[in-house]
Amino acid sequence: MEEVKVKKETNLTDPAEIENRIKELCQQFPHGITDQVIQNDLPHLEPQQRAMAINKLLSLGQLDLLRNSSGLLYRMKDSQSTSKMKGSDNQEKLVYQIIEDAGNKGIWSRDIRFKSNLPLTEINKILKNLESKKLIKAVKSVAASKKKVYMLYNLQPDRSVTGGAWYSDQDFESEFVEVLNQQCFKFLQSKAEVARDSKQSPMVQRNSSFATSHEVWKYICELGISKVDLSMDDIETILNTLIYDGKVEMTIIAAKEGTVGSVDGQMKLYRGVNPVIQPTGLVKTPCGLCPVFDDCQDGGEISPSTCIYMSEWLDF
Amino acid sequence: MTAQEVRLCGLLLREHFGEVVEKVGTHLLRSGTQNLRTIIHETGVSLDLVKKSLCVLMQHGACVFSSGRKGPGSPTEYQVTCDRILRILRYPRYIYTAKTLYGDTGELIIEELLQRGHMTMSSTVKTVADRLTQNMEEGHSMDYNEVSAAFSKLVETHFLQRCPPMAVAQTTDKTTPGTPAAPGTPAEAVSTTTPTPESFPDCYKVPDVTLIGRGKRQLSGEDGEDQRNAKKAKLDSEVRTHGDEGIYWQVTFERFHLHFRDQAIINAVASRLDQTSSEIVRTMLRMSEVLTSPTATCTKPLSANEIFRALPTSYNIPRPILDQYLTLLVDDPMEFVGKAGESGGGMYVVNLHKALSNLARATLESVVQERFGSRSARIFRLLLRKRHLEQKQVEDFAMIPAKEAKDMLYTLLSQNLVQLQEIPKTPDYAPSRTFYLYTVNQLPTARMLLQNCYKTVANLIERRLFETKESKRLLEKSQRIEAILASLQASGAEPEQLKEVEEMITAPEKQQLDALRLHVNKLDSAENQVDETIFLLECYIDSTATTTR
Numbered sequence: 001m002e003e004v005k006v007k008k009e010t011n012l013t014d015p016a017e018i019e020n021r022i023k024e025l026c027q028q029f030p031h032g033i034t035d036q037v038i039q040n041d042l043p044h045l046e047p048q049q050r051a052m053a054i055n056k057l058l059s060l061g062q063l064d065l066l067r068n069s070s071g072l073l074y075r076m077k078d079s080q081s082t083s084k085m086k087g088s089d090n091q092e093k094l095v096y097q098i099i100e101d102a103g104n105k106g107i108w109s110r111d112i113r114f115k116s117n118l119p120l121t122e123i124n125k126i127l128k129n130l131e132s133k134k135l136i137k138a139v140k141s142v143a144a145s146k147k148k149v150y151m152l153y154n155l156q157p158d159r160s161v162t163g164g165a166w167y168s169d170q171d172f173e174s175e176f177v178e179v180l181n182q183q184c185f186k187f188l189q190s191k192a193e194v195a196r197d198s199k200q201s202p203m204v205q206r207n208s209s210f211a212t213s214h215e216v217w218k219y220i221c222e223l224g225i226s227k228v229d230l231s232m233d234d235i236e237t238i239l240n241t242l243i244y245d246g247k248v249e250m251t252i253i254a255a256k257e258g259t260v261g262s263v264d265g266q267m268k269l270y271r272g273v274n275p276v277i278q279p280t281g282l283v284k285t286p287c288g289l290c291p292v293f294d295d296c297q298d299g300g301e302i303s304p305s306t307c308i309y310m311s312e313w314l315d316f
Numbered sequence: 001m002t003a004q005e006v007r008l009c010g011l012l013l014r015e016h017f018g019e020v021v022e023k024v025g026t027h028l029l030r031s032g033t034q035n036l037r038t039i040i041h042e043t044g045v046s047l048d049l050v051k052k053s054l055c056v057l058m059q060h061g062a063c064v065f066s067s068g069r070k071g072p073g074s075p076t077e078y079q080v081t082c083d084r085i086l087r088i089l090r091y092p093r094y095i096y097t098a099k100t101l102y103g104d105t106g107e108l109i110i111e112e113l114l115q116r117g118h119m120t121m122s123s124t125v126k127t128v129a130d131r132l133t134q135n136m137e138e139g140h141s142m143d144y145n146e147v148s149a150a151f152s153k154l155v156e157t158h159f160l161q162r163c164p165p166m167a168v169a170q171t172t173d174k175t176t177p178g179t180p181a182a183p184g185t186p187a188e189a190v191s192t193t194t195p196t197p198e199s200f201p202d203c204y205k206v207p208d209v210t211l212i213g214r215g216k217r218q219l220s221g222e223d224g225e226d227q228r229n230a231k232k233a234k235l236d237s238e239v240r241t242h243g244d245e246g247i248y249w250q251v252t253f254e255r256f257h258l259h260f261r262d263q264a265i266i267n268a269v270a271s272r273l274d275q276t277s278s279e280i281v282r283t284m285l286r287m288s289e290v291l292t293s294p295t296a297t298c299t300k301p302l303s304a305n306e307i308f309r310a311l312p313t314s315y316n317i318p319r320p321i322l323d324q325y326l327t328l329l330v331d332d333p334m335e336f337v338g339k340a341g342e343s344g345g346g347m348y349v350v351n352l353h354k355a356l357s358n359l360a361r362a363t364l365e366s367v368v369q370e371r372f373g374s375r376s377a378r379i380f381r382l383l384l385r386k387r388h389l390e391q392k393q394v395e396d397f398a399m400i401p402a403k404e405a406k407d408m409l410y411t412l413l414s415q416n417l418v419q420l421q422e423i424p425k426t427p428d429y430a431p432s433r434t435f436y437l438y439t440v441n442q443l444p445t446a447r448m449l450l451q452n453c454y455k456t457v458a459n460l461i462e463r464r465l466f467e468t469k470e471s472k473r474l475l476e477k478s479q480r481i482e483a484i485l486a487s488l489q490a491s492g493a494e495p496e497q498l499k500e501v502e503e504m505i506t507a508p509e510k511q512q513l514d515a516l517r518l519h520v521n522k523l524d525s526a527e528n529q530v531d532e533t534i535f536l537l538e539c540y541i542d543s544t545a546t547t548t549r
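Sequence lines, in order, name chains A and B.
Counting along the first sequence from 1, when you hit position 209 you're at 209 in the UniProt record's numbering, and nothing is skipped either side.
Counting along the second sequence from 1, when you hit position 42 you're at 42 in the UniProt record's numbering, and nothing is skipped either side.
Shown next as structure tokens:
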């Protein structure tokens with residue numbers, strides 16, 4: 001320790017050494033350092049010298065200046081990005097930074113314009129430039145098919161952008177969802193049937209008709225109907241649609257930590273259930289399904305006496 | 001009272017009592033309480049006919065009268081109750097229920113009472129015994145005692161009740177033809193609030209009736225019948241008194257409705273869980289039948305021990321299995337059965353209101369499902385479950401592509417099955433700063449569907465009348481031929497002769513008649529099916545009204 005201190009003090013006057021020291025500090029704290037940290041580390045440094053060193057680093061693009069709630073923050077610039085950005089002008093750097101900040105959610109070109117205050121034509125040029133350098137990429141968002149968002153080239157787009165497993169090329173694969181929905185139901189139904197035929201006590205019957213989401217997931221995976229890898233969460237969303245279809249009910253039970261399929265000590269159990277009533281009487285008549293029901297009047301253009309739906313139904 | 005209800009009431013009145021009663025009835029329904037003079041003036045029907053129509057309506061309990069609102073001495077006013085007229089729609093169901101519960105005798109008793117509004121016990125028993133004898137083999141007849149036993153049983157189980165005494169005094173006046181109807185006698189009029197039959201202590205008390213004899217067979221031939229009737233009338237009025245004059249009986253619709261309600265719950269449990277559970281619920285409901293008031297939200301608590309003892313032995317359910325079944329019933333998300341306590345091996349109740357609410361919800365879901373497809377039903381159920389959702393959330397939860405989901409939501413919205421709630425972030429309601437939340441309000445939606453049901457039934461009746469009117473000539477012809485055939489058969493005609501008469505209906509005509517019969521049957525059964533929906537929705541709306549009051 002003694003030695004280091006001595007060494008530091010001897011080199012204090014050399015501006016290159018100061019810069020190195022600051023860089024070291026930045027590496028030590030990757031989240032950034034405040035002015036105070038530098039002051040503490042190099043107590044004998046004149047504020048002027050410090051400012052000079054920092055300014056130099058900033059101009060070289062090795063250091064980032066950020067502002068947060070407690071004041072200014074210095075952070076090491078990604079050495080990679082600095083090397084990539086070689087040969088680009090400030091505007092390009094700025095756009096790149098904005099895109100980088102957007103992360104894997106991406107950013108829309110209009111939002112880039114607002115943030116950078118550059119004209120749209122300029123931005124388009126820069127974006128094209130960056131794209132050709134394979135620094136960024138354009139991803140079509142599922143939320144709005146015409147909206148392109150930009151993000152760094154090596155990033156995996158967020159689920160909100162791609163829509164997860166249910167989208168291919170921005171199209172919602174409703175058929176895929178329906179097939180999965182039916183398969184899950186079939187699985188739960190057969191399970192319930194087996195339980196019913198087992199002729200055991202009612203409690204055992206019900207309990208054995210339950211399937212955990214993990215079991216359903218495994219079944220779907222083994223069926224091999226899906227080209228993409230589905231996660232447990234994906235299967236649970238499918239199972240939820242079955243709940244909304246009124247075909248399945250769910251209970252949550254406490255599970256021992258580490259049991260297969262348990263999340264946070266909980267396990268979701270699903271089972272197929274029977275409907276409470278048959279289709280109600282009203283919808284067994286043509287009027288219950290009639291698209292022009294509200295326009296139907298005695299003696300009117302549409303009337304019960306002349307109704308063609310009724311005639312067809314009666315002759316059926 | 002809505003336009004749809006009035007229309008349906010009108011059609012029902014026309015079918016059962018003819019056009020004049022329909023005119024007077026619908027007029028009173030539309031214009032509320034009115035006195036005789038105004039009715040005559042506004043309908044343009046003659047005094048005599050109006051009086052008779054009012055008598056008919058009163059006989060069936062569809063009309064009440066009260067002294068005028070303008071103080072003593074003002075003319076009596078009449079009011080028609082829509083609910084009672086709509087009950088006519090359910091007559092087949094009452095009769096069928098009586099048949100399943102009490103056999104042919106019960107069926108006929110209920111049928112007679114429904115058709116005549118109200119009768120004394122002695123005349124009911126006589127008519128029913130005569131009718132039963134009619135259908136028996138030669139040489140057999142029905143004993144009056146058997147019929148009156150069935151009658152007493154129906155009273156015991158509250159399916160029949162006495163008409164309130166005041167109304168009796170009034171209506172006896174009216175049923176005897178020739179006596180001028182109420183308007184001149186305001187002194188007799190009852191206070192404005194009509195007394196409920198239950199408020200009289202003797203409501204379910206069977207009077208001592210001396211009825212000895214057997215049902216008589218009607219003689220064949222019309223002349224004989226007339227003679228017999230005349231004789232019988234003479235006998236009734238002059239010779240016999242049975243000790244129950246002035247005590248009139250009517251069908252307790254509420255009791256039937258309770259029975260239907262219980263049946264609906266039992267059926268729902270059977271289809272949701274299994275037969276055994278439904279039998280347990282049936283036992284629970286039967287046990288609490290007398291203990292629970294008709295408007296209660298749940299039955300009186302029953303202990304598992306009591307339920308176990310009350311279970312029919314033929315079911316052979318051991319005690320531990322019963323406990324398991326009860327736990328399952330309590331655990332079911334439909335919550336037909338609830339647990340009220342731990343004493344006595346666990347106290348259980350049947351959640352009547354919740355069950356009705358769940359059944360009504362299932363009905364709404366079923367309507368959406370059949371009419372707009374299962375995906376719309378998914379959205380509908382989703383909204384019922386999650387209450388308020390934005391369009392985006394609906395798409396995500398239901399996993400339906402945005403375009404289709406939007407289409408379905410807007411269709412449901414335009415049909416008033418789904419409501420839209422705006423929540424602005426700023427007071428100017430700018431669309432970009434407003435949340436649009438979709439939601440389903442079960443009660444108003446149920447009310448709307450109920451109106452749709454009324455309209456549907458009215459349509460079906462209308463169609464049925466139209467179909468029969470279209471082939472009126474044909475129907476008349478076939479009836480004539482049948483009559484000729486019957487008389488020929490009775491006089492022992494040659495087979496060739498019979499065949500000749502039969503051939504008077506040509507093949508295409510026969511085909512047409514068959515088609516017509518098929519159509520009418522289909523429409524009839526459809527009416528009954530829609531009435532089941534009506535019943536469920538009415539029950540739900542009534543029970544919600546009583547719980548929130």
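Note that CB positions come from ideal geometry on N, CA and C, so glycine has one too.
Which listed residue (the options) has its alpha carbon closest to that of residue i
i: residue 435 of chain B; options: B:391, B:140, B:282, B:277; result: B:391
i: residue 89 of chain A; options: A:109, A:203, A:122; result: A:122
i: residue 129 of chain B; options: B:114, B:299, B:149; result: B:149
i: residue 256 of chain A; options: A:236, A:268, A:200, A:44; result: A:268
i: residue 366 of chain B; options: B:294, B:449, B:410; result: B:449
i: residue 158 of chain B; options: B:98, B:246, B:362; result: B:98
i: residue 306 of chain B; options: B:520, B:515, B:10, B:288; result: B:288
Residue i, DSSP secondary structure in three states
i: residue 453 of chain B; result: helix
i: residue 97 of chain A; result: helix
i: residue 150 of chain A; result: strand
i: residue 144 of chain B; result: helix
i: residue 440 of chain B; result: coil
i: residue 336 of chain B; result: coil
i: residue 171 of chain A; result: strand
i: residue 271 of chain A; result: strand
i: residue 167 of chain B; result: The pLDDT assigned to residue 167 of chain B is 44, lower than 50, so where the model puts this residue is not dependable, and the model offers no usable value.
i: residue 239 of chain B; result: Any reading at residue 239 of chain B needs caution, since the residue's pLDDT is 44, under 50, leaving its predicted position unreliable; the model's value is listed next. Of the three classes helix, strand and coil, the one that applies to residue 239 of chain B here is helix, per DSSP.
i: residue 35 of chain A; result: helix
Any chain A beta carbon closer than 8 Å to residue i
i: residue 225 of chain B; result: Bear in mind that a pLDDT of 43 at residue 225 of chain B, under 50, signals an unreliable position, so the number given afterwards is only what the model happens to contain. So no, residue 225 of chain B is outside the interface.
i: residue 434 of chain B; result: no
i: residue 268 of chain B; result: yes
i: residue 182 of chain B; result: Confidence is the limiting factor: at residue 182 of chain B the pLDDT is only 38, short of 50, which leaves the residue's position unreliable, though a coordinate-based value still follows. No, residue 182 of chain B lies away from the interface with chain A (no Cβ there is under 8 Å from its Cβ).
i: residue 563 of chain B; result: The first residue shown for chain B is 1 and the last is 549, placing residue 563 of chain B beyond what the model contains.
i: residue 393 of chain B; result: no
Interface flag, residue i vs chain B, CB-CB below 8 Å
i: residue 217 of chain A; result: no
i: residue 113 of chain A; result: no
i: residue 157 of chain A; result: no
i: residue 1 of chain A; result: With a pLDDT of only 45 at residue 1 of chain A, under 50, the local geometry of the prediction cannot be trusted, and the value read off the model is given with reservation. With 8 Å as the cut-off, residue 1 of chain A does not count as an interface residue toward chain B.
i: residue 201 of chain A; result: yes
i: residue 213 of chain A; result: no
i: residue 358 of chain A; result: Any answer about residue 358 of chain A is impossible in this case: the structure gives chain A only from 1 up to 316.
i: residue 246 of chain A; result: yes
i: residue 124 of chain A; result: no
Exercise. Can you find at least 3 beta carbon pairs, one from the stretch 11–30 of chain A and one from the stretch 39–59 of chain A, that sit closer than 8 Å?
Worked result: yes
- Any residues in the stretch 247–264 of chain B with a beta carbon nearer than 9 Å to a beta carbon of chain A? Which ones, in chain order? 264
Just checking, does the stretch 517–531 of chain B make contact with the stretch 273–291 of chain A on the three C-beta pairs under 8 Å criterion?
-> yes
Within 7 Å of chain A by C-beta, residues of the stretch 310–325 of chain B in sequence order
321, 324, 325
Does the stretch 231–244 of chain A touch the stretch 358–373 of chain B, meaning 3 or more C-beta pairs lie closer than 8 Å?
no
Segment contact flag, the stretch 137–156 of chain B with the stretch 70–89 of chain B, C-beta cutoff 8 Å, min 3 pairs:
no
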